[in-house]
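Colleague: Have a look at this one before I ask anything.
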Amino acid sequence: MDPDWLKVQAPKLVEPEITLPVNWLGVFNQLVSGALRGKVKLDENIIVTPAFVLKEKLDSLDIVEVIMTVEEMFGLDGIPDDAANAISSVGDVVDYICYHRQIRGDRSEWTPNASAPIVQVA
Numbered sequence: 001m002d003p004d005w006l007k008v009q010a011p012k013l014v015e016p017e018i019t020l021p022v023n024w025l026g027v028f029n030q031l032v033s034g035a036l037r038g039k040v041k042l043d044e045n046i047i048v049t050p051a052f053v054l055k056e057k058l059d060s061l062d063i064v065e066v067i068m069t070v071e072e073m074f075g076l077d078g079i080p081d082d083a084a085n086a087i088s089s090v091g092d093v094v095d096y097i098c099y100h101r102q103i104r105g106d107r108s109e110w111t112p113n114a115s116a117p118i119v120q121v122a
């Protein structure tokens, strides 16, 4: 069984009472380096934490770009508009990715890109 610190509670936009035994930090680092820093060119001086609110630092076009990149990077078949609108923080995005990887039966270990920066997590 996975240790408790590897489990993340599912966000409000998915079924409650589900825990996600995944490499959450690996998904977080990949998301930050690939979608935020890579695609929308988020300033490198900005420290991104799970609580980082997307709408405070990104305009609506950047947020659409992040959603499209997340769909492509993580093999999601389209994030529904209601779910995309409910996502407000980077942590919400990672929870959504991890949850949907689990329910589709993807049990593979996530290995972050070697070039992904180490990100401070609050």
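1 is the number of the first residue of the sequence shown in the UniProt record's numbering; add one for each residue after it. Yeah, the Cβ is synthetic: ideal placement off N, Cα and C, and Gly gets one too.
#1: Could you give the DSSP three-state label for P21: helix, strand or coil?
#2: If I measure Cβ to Cβ from I87 and keep anything under 6 Å in the same chain, skipping five residues before and after, which residues do I get?
#3: Output the boundary residues of the alpha helix (DSSP H) element that contains E44.
#4: Considering only the alpha carbon of each residue, which of S33, D77, A51, I67 lies closest to N85?
#5: Which of the three DSSP states, helix, strand or coil, is assigned to S60?
#6: In the DSSP output, which residue or residues are listed as bridge partners for S89?
#7: Taking the beta carbon of P75 as the centre, do at least 16 other beta carbons fall within 10 Å, making it buried, or is it exposed?
#8: A35: buried (16+ other C-beta within 10 angstroms of its C-beta) or exposed?
#9: Give me the Cα-Cα distance between A51 and G91, rounded to the nearest whole angstrom.
#10: Could you give the DSSP three-state label for L31: helix, strand or coil?
Modeller: Let me spell this out:
#1: The predicted model places P21 with a pLDDT of 46, which falls under 50 and marks its position as unreliable, so this point remains unresolved.
#2: V93
#3: Premise fails: E44 is in no alpha helix (DSSP H) and is neither H nor E.
#4: I67
#5: helix
#6: Under DSSP, S89 shares a beta bridge with V53.
#7: The sequence shown places Gly at residue 75, rather than the Pro named in the question. Burial call: exposed.
#8: buried
#9: 6 Å
#10: Three-state result, L31: helix.
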